[in-house]
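> I have a structure here, written as C-alpha cells, and I will follow up with some questions on it.
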Amino acid sequence: MKQDVPTPNQLAMDEKISAPETTEKLLVSFNAKHHVIDERSPDHRFDMRRIIDLLPPTVTDLRTLRAAEIINLYRTVDHTFSRVGATRLFLAMLDPSFSLDQIQSRQEVIRELSSNKQLYAALQSFLTEFSRNETDLFGFLNAHTDPMIAYEDYRRAVVAIKSMVTAAKDLPRPVSSYLSELIDNILRFQDESLWDILAVQAYRTFAGIKSHRERSFFTPSWRFRPRHVDFGSLWPSLPAIYFGMAWLFGIMEPTIAKTLFLSTSWLSAIGLAYGWLLKPLIDFDTAILPIRQMLLESDSFIKAIESVALLDELTSLVAFMEEMPHPMVLPTVTDGASHHFMAKGVCNPIIALKDRNFVANEVNLANQNITFITGPNSGGKTTYCKSIVQNQILAQIGSPVVATEATINIADLIIYQAPNFDSLADEEGRFGTELKTTRDIFYQVSPKSLAILDEIAEGTTTHEKLSFSTDIMHCFHAIGNSTLLVTHSYELVDYFQQMNKGSFLKISFFDDLPSHKITEGISHDSNAERVAKKIGFSRQDMLDYLKKKGYQIEVDW
22 MKQDVPTPNQ
32 LAMDEKISAP
42 ETTEKLLVSF
52 NAKHHVIDER
62 SPDHRFDMRR
72 IIDLLPPTVT
82 DLRTLRAAEI
92 INLYRTVDHT
102 FSRVGATRLF
112 LAMLDPSFSL
122 DQIQSRQEVI
132 RELSSNKQLY
142 AALQSFLTEF
152 SRNETDLFGF
162 LNAHTDPMIA
172 YEDYRRAVVA
182 IKSMVTAAKD
192 LPRPVSSYLS
202 ELIDNILRFQ
212 DESLWDILAV
222 QAYRTFAGIK
232 SHRERSFFTP
242 SWRFRPRHVD
252 FGSLWPSLPA
262 IYFGMAWLFG
272 IMEPTIAKTL
282 FLSTSWLSAI
292 GLAYGWLLKP
302 LIDFDTAILP
312 IRQMLLESDS
322 FIKAIESVAL
332 LDELTSLVAF
342 MEEMPHPMVL
352 PTVTDGASHH
362 FMAKGVCNPI
372 IALKDRNFVA
382 NEVNLANQNI
392 TFITGPNSGG
402 KTTYCKSIVQ
412 NQILAQIGSP
422 VVATEATINI
432 ADLIIYQAPN
442 FDSLADEEGR
452 FGTELKTTRD
462 IFYQVSPKSL
472 AILDEIAEGT
482 TTHEKLSFST
492 DIMHCFHAIG
502 NSTLLVTHSY
512 ELVDYFQQMN
522 KGSFLKISFF
532 DDLPSHKITE
542 GISHDSNAER
552 VAKKIGFSRQ
562 DMLDYLKKKG
572 YQIEVDW
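The C-terminal position of the sequence shown is numbered 578 in my numbering, with every residue numbered one higher than the one before it.
What follows is the structure, encoded as C-alpha cells:
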C-alpha cells in the first residue's frame with residue numbers, strides 16, 4: 022500500500038502537536054502531575070524514561086539522543102547535589118533550546134564561579150543544605166503522606182522551605198546579573214503571603230487559607246495548628262482537670278469533687294479521640310492539602326525551586342570543567358542564519374573524561390556545508406561525529422566544551438542518523454526504513470541545522486546506493502546546513518570532490534593502524550582484512566576451520 026510522503030508543513034504541524042507547553046517544563050507543576058521526581062526512590066533521583074516520554078525534544082529527536090549517548094553525556098556532566106538540579110540538567114540536555122541571551126548569561130555565571138572560589142564554595146554549601154531537606158519537601162509536594170501522619174510531613178516540608186530561604190540569605194552577592202536574579206528569586210518568596218502562612222500562622226476562612234496579615238479582626242477564621250494537641254482537643258478535659266485539682270487540693274468538699282471528677286473524666290477520652298483521630302482528618306482536608314495546592318500554584322515558590330535547580334545545574338557545569346583532564350573552553354556562541362562549528366582540540370566528553378590520551382581533533386564546519394568522512398571501521402569516524410553533537414549540545418546549554426577554542430552557531434535542529442537494523446516492522450525493508458529516516462531529516466532541516474548521516478541508502482545495490490546518495494547530498498548542499506556524511510563509498514566522495522562541492526576528511530594511519538586523527542583527504546583503503554583477522558574470521562581462519570572439521574574444499578579463488 023502506497024504511503025503519502027509528509028510535507029514540511031505536515032511535519033511542522035506534527036511537531037507542534039507533540040511539543041509540550043513551555044509551562045509544563047516547570048519542575049514543580051510538571052512533577053506534581055507526573056511524579057518524575059520520586060523522593061521515595063533511593064537509587065534514582067528522577068525518572069529519565071518518563072521525562073523522555075512526556076517531554077519529546079524539539080531541537081533533537083529520540084534517535085539522535087540515543088546515537089549521541091545523551092544519558093552517558095548527562096552522567097559525565099552531572100555533579101549536582103539535588104534531585105531538582107539533576108532533573109533540570111537532564112532537561113536542558115534533552116532539549117537544548119536556549120536563546121543566545123540565555124546562553125551568554127549562563128556562560129557569565131560559569132566564568133564568575135570559576136574565578137570566585139568563595140562564591141562557588143558558598144553555593145555548594147547552600148545546595149548541600151537544600152538537598153538534606155529535599156526529600157521532605159517533595160514528599161509533601163507529591164502528597165506521599167497519610168492524614169494520620171501528615172502533621173510531621175507538613176512540619177518537615179515547612180522546615181525545608183524555611184531552610185532554603187534562610188540559607189539563601191547567607192550567600193555572597195554575585196557580580197553577574199543572572200546569578201543575582203536566581204538568588205533573588207529565592208529570597209522574594211519570603212515577601213509572599215504564602216510565606217507567612219508557612220512560617221508564621223495560617224488561618225482557615227470562608228475565602229480559603231489566609232495569613233495573619235490577610236485577615237482582619239472581624240474575619241471569621243479558624244487557626245491551623247499542625248499538631249494533635251491544641252485547645253480543641255484539650256477543652257473537653259478542662260472540667261475533669263478542674264475537679265481533679267479541687268479534689269486533690271481540698272478546694273471543694275472531697276466527696277463532691279471526687280464525684281464530679283469521675284463523672285467528667287470520660288470527656289477527656291472525647292478530647293483525645295478528637296485530637297488523634299478526627300482532627301488530623303479535618304486538618305488534612307481543610308488546611309494541609311489546600312496549602313500544598315497553594316505551593317503548586319504559587320509562581321513565586323515555583324521560581325524559587327527553579328532557581329535552586331538552575332544554581333545546581335550551573336554549579337555542576339563548573340565541577341565538570343574542573344574534573345575534565347583535557348582543556349575546556351567557553352565557546353563563542355553565535356546565532357547566525359546558517360550553522361557553523363569551528364573548533365580546535367575537540368574531544369569526546371564521555372571518553373575524554375576517563376582517557377587522558379584521547380586524540381583531539383579539529384572541526385571546521387564553516388565554508389563547505391557538506392562534509393564527507395571516509396576511513397576504515399574502528400578508526401574513529403563515529404566518535405568524531407559524536408564529539409561534534411555532544412559539544413554542540415553542551416554549547417547550547419551554556420556549558421564549556423571540550424576543546425582549546427571554539428566558535429559554534431546555535432542549531433535549530435541537531436539530528437544524527439545512525440544505521441538502524443531493526444526493520445521487521447517495516448514492509449519496505451532496511452532500504453525503505455533508512456530512506457524514510459533520511460527523508461524526514463531532509464524535510465526538517467534548515468540552513469541553521471546540524472545533520473550527521475552515518476551511511477545512507479543502505480540495503481540496495483551498489484549502483485543504486487551511489488545514485489540515491491548523490492541525489493541526497495546534492496539536495497542537502499542546496500539547503501546549506503552543516504551536513505556530515507560518514508561513508509565507505511569513496512566513489513561517491515570522489516564524485517563530489519570533482520564537482521568541488523564539500524570538504525573531505527579521512528582517518529590517518531600510523532604503522533598501518535588507524536591513529537584516530539582526522540585529516541583532510543579521502544580514504545581509499547580499508548582495514549577489513551585486519552578486522553577479520555582480529556575477530557578470527559579471515560580467509561585463512563575459515564580454511565583452517567574447514568580443514569580441522571574434515572571438510573573437503575578446493576581452494577581456487
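C-beta: ideal position from N, C-alpha, C; glycine also.
As the structure is a prediction and not an experimental result, all values here were calculated from the model.
Since Asn502 contacts Lys469 with CB under 8 Å, what's their CB separation in whole angstroms?
Working through the sequence shown from its first residue, we reach residue 502 at position 481. Working through the sequence shown from its first residue, we reach residue 469 at position 448. The pair is a contact, with the Cβ atoms about 7 Å apart (cut-off 8 Å).
> Could you pull out every residue in the same chain whose Cβ sits closer than 6 Å to the Cβ of Pro352, ignoring the five residues on either side in sequence?
For the purposes of this step, residue 352 is taken as the residue at position 331 of the sequence shown. Cβ within range, chain order: Ala416, Val422, Ala427, Ile429.
> Check for me: the beta strand (DSSP E) holding Ser232 runs from which residue to which?
If you number the sequence shown from 1, residue 232 lands on position 211. Where Ser232 is concerned, the enclosing beta strand (DSSP E) stretches over 229 to 232.
> Three or more C-beta pairs closer than 8 Å, one from the segment 103 to 112 and one from the segment 63 to 77: is that the case here?
In short, these stretches touch, since the Cβ pair count reaches three.
> Select from Thr482, Ile528, Phe525, Ser467 the residue whose C-alpha is nearest the C-alpha of Ala499.
Here residue 499 corresponds to residue number 478 of the sequence shown, with the count starting at 1. Closest option to Ala499, Cα to Cα, is Ser467.
> What is the DSSP secondary structure of Glu129, counted as helix, strand or coil?
Position 108 of the sequence shown, counted from the first residue, corresponds to residue 129. Helix.
> Going by DSSP, which residues form a beta bridge with Tyr437?
Position 416 of the sequence shown, counted from the start, is the residue given in the question as residue 437. Paired residues: Ile473.
> Please tell me whether, using a cut-off of 6 Å, the distance from the CB of Val507 to the nearest non-hydrogen atom of the ligand PLP is below it.
In the structure on display, the ligand PLP does not appear, and there are no ligands present to speak of.
> Taking the runs of the beta strand (DSSP E) that are 3 residues or longer, which of them lie wholly in the segment 543 to 573?
As far as the segment 543 to 573 is concerned, it has no whole beta strand (DSSP E) run of at least 3 residues.
> Per DSSP, what kind of secondary structure is His65 in: helix, strand or coil?
Translated into the one-based positions of the sequence shown, residue 65 becomes position 44. Reduced to three states, the DSSP call for His65 is coil.
> Can you give me the C-alpha to C-alpha distance between Ile91 and Ile414, rounded to a whole angstrom?
Here residue 91 refers to the residue found at position 70 of the sequence shown. Here residue 414 refers to the residue found at position 393 of the sequence shown. C-alpha separation (whole angstroms): 9 Å.
> Please classify Arg87: is it buried, with 16 or more other beta-carbons within 10 angstroms of its beta-carbon, or exposed?
Working through the sequence shown from its first residue, we reach residue 87 at position 66. The residue in question, Arg87, is exposed, as its Cβ has fewer than 16 Cβ neighbours within 10 Å.
> Buried or exposed, going by whether 16 or more other CB atoms sit within 10 Å of the CB of His360?
Numbered from 1 along the sequence shown, position 339 holds the residue referred to as residue 360. That one is buried.
> For Ile435, count the other beta carbons within 10 Å of its own beta carbon; 16 or more makes it buried, fewer makes it exposed. Which is it?
As a first step, residue 435 must be located in the sequence shown, where it is residue number 414. Classification of Ile435: buried, given that the 10 Å Cβ count is 16 or more.
> Exposed or buried, which one is Gly194 when buried takes at least 16 other CB atoms within 10 Å?
By one-based count along the sequence shown, residue 194 stands at place 173. In the sequence as presented, Gly is not what sits at residue 194; that position holds Arg. Arg194 should be labelled exposed.
> In whole angstroms, what separates the C-alpha of Gly106 from that of Leu526?
Within the sequence shown, residue 106 is the residue found at index 85, counting from 1. Within the sequence shown, residue 526 is the residue found at index 505, counting from 1. Using only the alpha carbons, I get a separation of about 39 Å.
> Suppose contacts are defined by Cβ-Cβ distances below 7 Å. Is Leu148 in contact with Phe119 by that definition?
On the sequence shown, residue 148 is found 127 positions in, with the first residue counted as 1. On the sequence shown, residue 119 is found 98 positions in, with the first residue counted as 1. In this structure, Phe119 does not lie closer than 7 Å to Leu148 by Cβ.
> What residues in its chain sit with their C-beta under 6 Å from that of Thr44, if we drop five residues either side in the sequence?
The sequence position of residue 44 within the sequence shown is 23, counting from 1. The pLDDT assigned to Thr44 is 40, lower than 50, so where the model puts this residue is not dependable, and the model offers no usable value.
> Between the C-alpha atoms of Phe153 and Gly296, what's the straight-line distance to the nearest angstrom?
The residue given as residue 153 occupies position 132 in the sequence shown. The residue given as residue 296 occupies position 275 in the sequence shown. Reading off the sequence, residue 153 comes out as Arg, not Phe. Cα to Cα, Arg153 sits roughly 31 Å from Gly296.
> Exposed or buried, which one is Ile323 when buried takes at least 16 other CB atoms within 10 Å?
Residue numbering aside, residue 323 sits at position 302 when the sequence shown is read from its first letter. So Ile323 ends up on the buried side.
> Taking just the CA atoms, how far does Ser50 sit from Glu42?
Working through the sequence shown from its first residue, we reach residue 42 at position 21. Working through the sequence shown from its first residue, we reach residue 50 at position 29. With a pLDDT of 38 at Glu42, under the threshold of 50, the predicted position of this residue should be treated as unreliable, though the coordinate-derived value follows. Whole-angstrom Cα-Cα distance: 12 Å.
> According to DSSP, Leu506 sits in a beta bridge with which residue or residues?
On the sequence shown, residue 506 is found 485 positions in, with the first residue counted as 1. Leu506 pairs with Phe393, Leu474.
> If you draw a straight line from the alpha carbon of Thr276 to that of Thr285, how long is it in whole angstroms?
What you label residue 276 is simply residue 255 of the sequence shown in a count that begins at 1. What you label residue 285 is simply residue 264 of the sequence shown in a count that begins at 1. Cα to Cα, the separation comes out at about 14 Å.
> Between Tyr199, Leu208, Ile182, Ser198, which has its C-alpha nearest Ala189's C-alpha?
Here the question's residue 189 lines up with position 168 in the sequence shown. Of Tyr199, Leu208, Ile182, Ser198, the residue nearest in Cα terms is Leu208.
> Where does the unbroken alpha helix (DSSP H) through Lys183 begin, and where does it stop?
Taking the sequence shown and counting its residues from 1, the one referred to as residue 183 is at position 162. Looking at the DSSP string, the run of the alpha helix (DSSP H) that includes Lys183 is 171 to 190.
> Compute the Euclidean distance between the alpha carbons of Lys568 and Ser559, then round it to the nearest angstrom.
Taking the sequence shown and counting its residues from 1, the one referred to as residue 568 is at position 547. Taking the sequence shown and counting its residues from 1, the one referred to as residue 559 is at position 538. Each residue's Cα considered, the two are about 14 Å apart.
> From Asp212 to Asp205, what distance separates their C-alpha atoms?
By one-based count along the sequence shown, residue 212 stands at place 191. By one-based count along the sequence shown, residue 205 stands at place 184. Using only the alpha carbons, I get a separation of about 11 Å.
> Return the first residue and the last residue of the alpha helix (DSSP H) that Gly106 is part of.
The residue given as residue 106 occupies position 85 in the sequence shown. Run containing Gly106: 104 to 115, per the alpha helix (DSSP H) assignment.
> Within its chain, find whatever has a CB closer than 7 Å to the CB of Asp99; leave out the 5 residues flanking it on each side and keep chain order.
As a first step, residue 99 must be located in the sequence shown, where it is residue number 78. Ala107, Leu110, Ser337, listed in sequence order.
> So what does DSSP say about Ile58, is it helix, strand or coil?
By one-based count along the sequence shown, residue 58 stands at place 37. Note: Ile58 maps to coil in three-state DSSP.
> Using C-beta distances below 7 Å, list every residue in its chain close to Ile543, excluding the 5 sequence neighbours before and after it, in chain order.
For the purposes of this step, residue 543 is identified with residue 522 of the sequence shown, where counting begins at 1. Thr395, Tyr511, Val514, Asp515, Gln518, Phe525, Lys527.
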